[in-house]
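Undergrad: Please find one structure pasted underneath; my questions will follow.
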Amino acid sequence: MFARFGCRWSEKRERKKKFEAIRKQVLMHQETLRTKYGVQHLEMSAPWVKELSDEMRVDVYVTFTAPVDVLQFEELRKEIEAITGMKVHLYSSIGGQR
Numbered sequence: 033m034f035a036r037f038g039c040r041w042s043e044k045r046e047r048k049k050k051f052e053a054i055r056k057q058v059l060m061h062q063e064t065l066r067t068k069y070g071v072q073h074l075e076m077s078a079p080w081v082k083e084l085s086d087e088m089r090v091d092v093y094v095t096f097t098a099p100v101d102v103l104q105f106e107e108l109r110k111e112i113e114a115i116t117g118m119k120v121h122l123y124s125s126i127g128g129q130r
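Count the sequence shown with the numbering used here and you get residues 33 to 130, in order.
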């Protein structure tokens, strides 16, 4: 029983390290995202870290400085997918209002 718990714990730790590396990559591009798309604030989460699920995706919560159209929204999602190498679910708000 303890061996199984230890395995899960080490897998969670490895997934958390991987997510932190992905998060750092996106944050390195934050200034570009700000100037290109008007991203004011960006937060990320990864359900696969805690749940140990097989669906490797990143949830990104973005606050824009001004309204964006659907094409810009999709371009931003694709750019973040290119940075992370994972599927991205993008959630947005304008100036703190969801």
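Just so it is clear, CB atoms sit at the ideal spot from N, CA and C, and this is done for glycine as well.
(1) By the three-class DSSP mapping on this structure, what secondary structure does E111 have?
(2) Buried or exposed for Y123, going by 16 or more other Cβ atoms inside 10 Å?
(3) At what residue ranges does the stretch 66 to 101 contain a whole run of the alpha helix (DSSP H), taking only runs of 4 or more?
(4) Kindly indicate which three-state DSSP category M33 falls into: helix, strand or coil?
(5) Exposed or buried, A78, counting other C-beta atoms within 10 Å across all chains shown (16 or more means buried)?
(6) Can you grab the Cα-Cα spacing for the pair S125 / L65, in whole Å?
(7) To the nearest angstrom, report how far apart M76 and L108 are at their CA atoms.
(8) Return the chain-ordered list of same chain residues with a C-beta closer than 6 Å to the C-beta of I115, the five sequence neighbours on each side being excluded.
(9) Assuming K44 and V81 are in contact, meaning their beta carbons sit under 8 Å apart, how far apart are those beta carbons, in whole angstroms?
TA: The structure says:
(1) helix
(2) exposed
(3) 79 to 83
(4) For M33, the predicted structure reports a pLDDT of 46, less than 50, and the residue's modelled location is therefore unreliable. The matter cannot be settled from this model.
(5) buried
(6) 15 Å
(7) Spanning the alpha carbons of M76 and L108 requires a straight line of approximately 14 Å.
(8) Q57, V58 and H61
(9) Sure, about 7 Å apart at Cβ, within 8 Å.
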